[in-house]
Structure formats: structure tokens, C-alpha cells
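Below is one structure, written out as C-alpha cells; comments come after it.
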Amino acid sequence: MTQRIAAQVWTKLQPTSRRSSKNRIQIAAYATTSNSFILSGSASAAGTTTTLPPPLITPKYPSTQPPSHKPPEFRKSQLLRQYASLLRSSPLMLIFQHNNIKANEWLALRRELTRALRVVDKNCATAAAATIKVSTDISSGRNGNDSNKYFNETEALAPLIKIQTVQTGIFAAALKVVDYFKIGSNTLDQKKIFDGSDHGFKFTHTLSKAANRVATKNKTVHELSPLLSGPICVLYFPIVSPQHLKEAISILSPSPPDFPAPRKKLNPGWFDPAVQEAVQKLVLLGARIEKKTFDIEGIKMIGRIEGGLQGLQGQLLSLLQNIGITLTSSLETASKNLYLTLESRRSQLENNADSQFKSGDSKE
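The sequence shown begins at 2 in our numbering and counts up one residue at a time.
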């Protein structure tokens with residue numbers, strides 16, 4: 002009986018003409034609802050109750066490819082993602098302007114830069130090994146050959162420091178997304194509204210509509226905006242290292258006396274015509290260090306730090322120790338002066354008492 006009623010309903014709802022797929026889906030949903038209503042009614046008439054499971058809520062988009070403001074298959078979209086990832090993972094980034102540098106000049110310049118940075122890696126590892134050599138010998142009785150093992154285990158930064166050209170407009174857009182689009186409690190509601198996602202699915206990636214909306218609606222002029230004009234290339238570092246920064250400036254934009262060019266005996270490859278042509282076409286504009294903008298003087302100030310971050314930490318430690326010693330001596334001075342004053346007064350009173358006692362005895 003139930004199957005006959007469902008068939009009659011389906012026959013009445015069958016479209017007589019060709020309709021769109023949307024209408025067919027609506028008719029099928031209506032027929033399914035009617036069928037479930039008939040089944041529940043017949044079951045309740047028989048004295049039993051049946052409940053159908055709730056429909057499954059599935060996201061409209063796969064988890065590996067969330068919706069984007071622009072199609073992700075475009076090259077500009079992928080460049081935006083690449084630049085945003087580069088900005089987030091590089092605490093130190095130098096910005097240069099390049100003027101018609103040829104391919105062979107780029108190749109020669111990168112070769113000399115990597116070679117010079119490898120020397121800095123070796124010097125840093127040797128200095129660090131010499132620093133801990135005495136402590137390791139005393140604690141574990143190891144010999145001096147452990148310094149070579151330490152050098153092999155030290156992470157080299159030269160392969161991770163790269164220079165590459167960027168498209169100025171896309172790089173500026175990625176910079177706004179990284180600096181202005183913050184994943185927090187204030188932006189989660191905006192992302193949910195702007196993405197138009199159903200059932201609470203939120204999209205917080207770089208290409209999302211929320212990121213584009215926040216970046217475009219923010220009319221604040223970025224500090225690096227005046228520098229982002231014309232052909233731009235960036236030199237990015239995985240960590241902030243003043244030693245590597247100083248060597249990179251000496252190779253790409255030498256400025257004596259603090260950042261002199263390498264000597265010909267130590268680095269003859271830097272004097273190749275291709276490298277010289279590339280260096281003359283590079284202009285240092287500024288830097289982005291720890292999400293802050295630095296001009297050329299600020300870059301040189303960081304590059305002049307002796308011993309890198311370890312040296313700066315040592316100077317800070319010695320300064321704090323001196324402050325503690327000075328504070329202790331200042332606090333002790335007042336108490337010492339009070340003690341000396343009281344002692345002198347006590348001795349004076351004792352002397353007066355003795356003199357009076359002696360004078361009294363003499364009178365008797």
C-alpha cells in the first residue's frame with residue numbers, strides 16, 4: 002500500500018516537459034519528503050514510531066582546495082601565496098632595486114654571494130666550537146677533535162639565504178595581507194561573513210575572501226610602500242644574523258669603511274666583469290627586520306654588531322651585571338656610612354666615659 006501511494010505521488014510530480022537540473026533536484030527532494038511522511042504515518046498507524054537520521058552536512062569545497070577570492074590556478078594567485086609565505090618565514094629581508102641585470106650576471110652574483118656566506122658559516126662554527134671546547138673537555142673529558150663534529154652538526158645558513166626578483170604589485174599585496182590580516186578573535190567573524198561559508202566552515206588562508214577584504218579595506222599606507230616601485234629583488238634570511246648581513250652587504254652593496262668590498266687575494270671571483278656589472282646595477286633601498294621597516298642607516302647599525310646576536314647578548318649581560326653591582330654598592334654605601342658614624346659615636350662616648358671616670362678617681 003505504501004509503495005503504491007509513493008508511486009502515485011511520484012507520477013503526479015513527474016515533469017511533463019524538459020526542466021533544468023535544479024527543478025529535478027527539488028522534485029526529488031519533495032518526493033523523498035513525501036515518502037518519508039507516508040512511511041512515518043503508516044508506521045504510527047500500526048503502533049510503531051520510526052525516525053529517519055538527519056541529513057549529512059558536507060562542506061561545499063574539498064579540504065585540500067578551499068575557496069579563494071581569485072582562481073588558484075592563476076600564476077598571480079600562486080605568486081601571492083609564495084610571497085606571503087616568504088614574508089612570514091623570513092625575519093630579515095633586504096630590498097634592492099635592480100636595473101636590467103642579465104642572466105649570466107645573476108648567476109655570477111649568486112655564486113659569489115653563496116661562496117662568501119659559506120666562509121661566514123665556517124667562521125661562526127669555528128668560533129662557537131672554540132667557545133664550548135673548554136667546557137666540554139672539563140665536563141666529559143673529550144679531546145679537541147669534537148670541534149670538527151660540532152662544525153658538521155652546525156646548521157649552515159648559506160644555502161638558505163637567497164636573492165630573487167619579485168613582481169612589485171603582487172609583493173605589495175602580499176605584504177598587506179601578511180601585516181594587516183591577523184588570525185584572531187576579531188577577524189574570525191569577518192572571515193565567516195565575507196567567505197559566505199555555510200555550517201560554520203571558516204577559510205583563513207592567504208587567498209581567502211576575508212584576507213582580500215581586510216587588505217583592500219585597510220587604507221593605511223604601509224611603511225615599505227615608497228620603496229615598492231620599479232624592478233625589485235629581495236634577499237631573505239631564515240634568521241637574523243648580523244655576521245651574514247654584513248657579508249651580504251659587502252658583496253652586493255659595499256660601502257667602506259664599515260662594509261668594505263672583499264679583497265682580491267681572498268675573493269678574486271668578486272672582481273669578475275659579470276659580478277661587477279651586477280653590483281653596479283643593484284641599489285639597496287631598505288629592509289624588513291622582525292616585521293619592522295629599516296632604512297640604510299638602520300641596516301648598517303645591525304650589521305655593525307660585533308659577534309652577532311651572541312655578542313649582543315654578552316654585552317647586555319655584562320651591562321646588567323654592572324648595573325647590579327652598582328646598585329648593590331650604592332645600597333651598601335648608606336648602611337656602611339651609618340655603621341661607621343654609629344661606631345665613631347660609640348667610641349667617642351666610651352672615651353668620654355673613661356675620661357670622666359679617671360677624673361673622678363683622681364679627685365678622690
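Backbone N, C-alpha and C fix where the C-beta goes; we use that ideal spot for every residue, glycine too. None of these values were measured; they are calculated from a predicted model.
A straight line joining the alpha-carbon of Ala275 with that of Ile102 spans about 10 Å. Arg214: member of the alpha helix (DSSP H) spanning Lys210 to Lys218, first to last residue.
Separation of Lys61 and Thr169 (C-alpha to C-alpha, rounded to the nearest whole angstrom) is 34 Å. By the criterion of at least three beta-carbon pairs nearer than 8 Å, the segment 297-313 is not in contact with the segment 106-116.
One thing to note: Val284 has its Cβ no nearer than 7 Å to the Cβ of Ile96. In the DSSP assignment, Gln83 falls within the alpha helix (DSSP H) that extends over Arg76 to Ser90. In this structure, His70 keeps its C-beta atom at 7 Å or more from the C-beta atom of Leu176.
In the structure shown, Thr334 adopts helical secondary structure according to DSSP, grouped into three states. The way I'd put it, the segment 110-128 does touch the segment 250-259; three or more beta-carbon pairs between them come closer than 8 Å. If you draw a straight line from the Cα of Phe75 to the Cα of Ala174, it is about 16 Å long. When C-alpha distances from Ala85 are compared across Tyr181, Pro243 and Gly270, the shortest belongs to Tyr181. The three-state reading of DSSP puts Phe172 in helix, counting H, G and I together.
Looking at Lys265, Ala128 and Lys123, the one whose alpha-carbon comes closest to that of Pro160 is Lys123. Residue burial annotation: Glu307 is exposed, with fewer than 16 other C-beta atoms found within 10 angstroms of its C-beta. Less than 7 Å separates the beta-carbon of Val167 from that of Ile233. Remark: C-beta atoms of Pro92 and Glu333 do not approach each other more closely than 7 Å.
In the DSSP annotation of this structure, the continuous segment of the beta strand (DSSP E) that includes Gln165 starts and ends at Lys163 to Val167. Scanning Gln165, Ser78 and Leu286 for the CA closest to the CA of Ser230 turns up Leu286. Per the C-alpha coordinates, the member of His99, Arg214, Lys293 and Asn219 positioned closest to Leu88 is Lys293.
When DSSP states are grouped into helix, strand and coil, Ile240 belongs to the coil group.
Between Lys282 and Asn105, the C-beta spacing is not below 7 Å. Distance from the CA atom of Leu80 to the CA atom of Pro72, rounded to whole angstroms, is 12 Å. In this chain, the beta strand (DSSP E) harbouring Ile96 covers Leu93 to His99. One thing to note: Val120 has its Cβ no nearer than 7 Å to the Cβ of Gln244.
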